[in-house]
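To convert a position in the sequence shown, counted from 1, into my numbering, add 1. Glycine included, each C-beta is placed from N, C-alpha and C at the ideal position. To start, the structure itself, in structure tokens.
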Amino acid sequence: MSSPGWSLRRLDTVDETRIGGLADLLIDCVDGGASVSFMHPLSRDRALGFWRRVARAVVAGERALLVAEDALGVCGTVQLVLDLPENQPHRADVSKMLVHRRARRQGLGAALLRAAEATARECGRTLLVLDTVTGSDAERLYAGLGWQRVGVIPGYALMPDGAPCDTTVFYRELRDEPSAG
Ligand SMILES: CC(C)(COP(=O)(O)OP(=O)(O)OC[C@H]1O[C@@H](n2cnc3c(N)ncnc32)[C@H](O)[C@@H]1OP(=O)(O)O)[C@@H](O)C(=O)NCCC(=O)NCCS
Numbered sequence: 002m003s004s005p006g007w008s009l010r011r012l013d014t015v016d017e018t019r020i021g022g023l024a025d026l027l028i029d030c031v032d033g034g035a036s037v038s039f040m041h042p043l044s045r046d047r048a049l050g051f052w053r054r055v056a057r058a059v060v061a062g063e064r065a066l067l068v069a070e071d072a073l074g075v076c077g078t079v080q081l082v083l084d085l086p087e088n089q090p091h092r093a094d095v096s097k098m099l100v101h102r103r104a105r106r107q108g109l110g111a112a113l114l115r116a117a118e119a120t121a122r123e124c125g126r127t128l129l130v131l132d133t134v135t136g137s138d139a140e141r142l143y144a145g146l147g148w149q150r151v152g153v154i155p156g157y158a159l160m161p162d163g164a165p166c167d168t169t170v171f172y173r174e175l176r177d178e179p180s181a182g
């Protein structure tokens with residue numbers, strides 16, 4: 002899949018160059034105030050450690066990793082968590098949807114989400130779940146692309162600066178409608 006600004010693909014292995022690019026992307030998002038599991042400031046070592054664990058999970062088939070790259074390198078990513086309990090073989094969690102600040106508001110987030118849905122179908126998954134900060138850009142993105150709001154959990158996580166934030170849980174059923182387009 003491609004657009005004028007980036008190329009988007011699923012990776013089966015993640016080399017050190019891409020791990021570095023993914024670490025820089027994660028640091029950019031945390032620097033920008035996104036609540037994506039990490040507190041500010043996020044060191045490069047810590048970010049690299051996270052992506053090396055993800056890389057091992059990708060090789061093990063426990064996660065699907067989608068990466069978008071522009072002329073400067075990695076500019077977006079999203080994951081599907083596939084290693085869920087044996088009574089949920091039809092389900093995946095969408096995780097770590099990240100777009101670099103240089104690439105935002107050009108449709109990349111939407112393209113990543115649609116690509117994640119298409120990948121989930123390819124993996125035989127028919128139900129996707131995610132959560133995101135209530136009132137965030139991401140919440141608007143998911144709602145706008147047809148995801149169903151389940152509800153809000155107050156005070157679920159911390160923003161990178163330590164302020165508590167609410168989380169909205171979403172799901173999407175893939176059974177009835179194709180998502181690629
Ligand atoms: C949430 C996030 C992934 C969205 O990425 P994005 O690439 O900016 O998403 P899109 O470009 O598809 O959509 C964002 C907005 O740009 C608009 N847009 C899309 N293409 C556009 C274009 N060509 N010109 C102008 N606006 C455009 C969309 O309509 C949308 O508008 P809205 O915010 O008013 O609803 C990004 O903001 C991000 O990485 N945030 C930090 C990390 C984060 O919070 N991740 C979510 C974890 S759950």
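Can you tell me which of the options puts its alpha carbon nearest to the alpha carbon of residue i?
i	options	result
R45	V31, M98, P90	V31
R54	D16, V134, D71, P90	D16
D167	Q149, R173, T133	T133
G125	L113, H91, D162	H91
D71	D138, Y157, R10, M160	R10
F171	D162, P165, M160, A144	A144
A112	L146, L131, P86	L146
L26	H101, E87, Q80	H101
T78	S36, L159, R19	R19
L81	L99, D29, R47	L99
G152	L131, P161, E87	L131
Identify the residues that DSSP records as bridge partners of residue i: which are they?
i	result
R11	L67
E174	L128
R150	F171
A158	C166
T135	Answer by DSSP bridge pairing: none, since T135 is not bridged.
Between which two residues does the alpha helix (DSSP H) harbouring residue i extend?
i	result
T78	No alpha helix (DSSP H) contains T78, which is instead part of the beta strand (DSSP E) from 74-82.
V31	17-32
P60	Residue identity check: residue 60 is Val in the sequence provided, not Pro. Per DSSP, V60 belongs to the alpha helix (DSSP H) from 45-60.
CB-CB under 6 Å to residue i, same chain, minus the five flanking residues each way: which ones, in chain order?
i	result
G182	Unreliable positioning characterises G182 in this predicted model, as indicated by a pLDDT of 48, which lies under 50. The coordinate reading is nonetheless provided below. So no residue of the chain qualifies.
F39	V31
L43	I28, V31
Within a Cβ cutoff of 8 Å, which residues of the same chain sit near residue i, ignoring the five residues on either side of it in sequence?
i	result
G21	L49
T14	A56, V59, V60
G156	P165, C166, D167
L114	V79, V95, M98, L142, Y143, L146
Does the distance from the C-beta atom of residue i to that of residue j stay below 7 Å?
i	j	result
L66	L12	yes
L129	A119	no
A56	C76	no
R176	T127	yes
A58	L109	no
S8	A158	no
Along the chain, where does the beta strand (DSSP E) containing residue i start, and where does it finish?
i	result
L113	Where L113 is concerned, there is no enclosing beta strand (DSSP E), although the alpha helix (DSSP H) it sits in stretches over 109-123.
Beta-carbon within less than 7 Å of residue i's beta-carbon, same chain only, minus the 5 sequence neighbours each way: which residues are those?
i	result
R150	A144, T169, F171
A139	M98, T133
A117	L67, V79, L81, V95
### Query
If you measure from each residue's Cβ to the nearest non-hydrogen atom of ligand 3, which ones come out under 6 Å, in chain order?
This structure lacks ligand 3; the ligands present are ligand 1.
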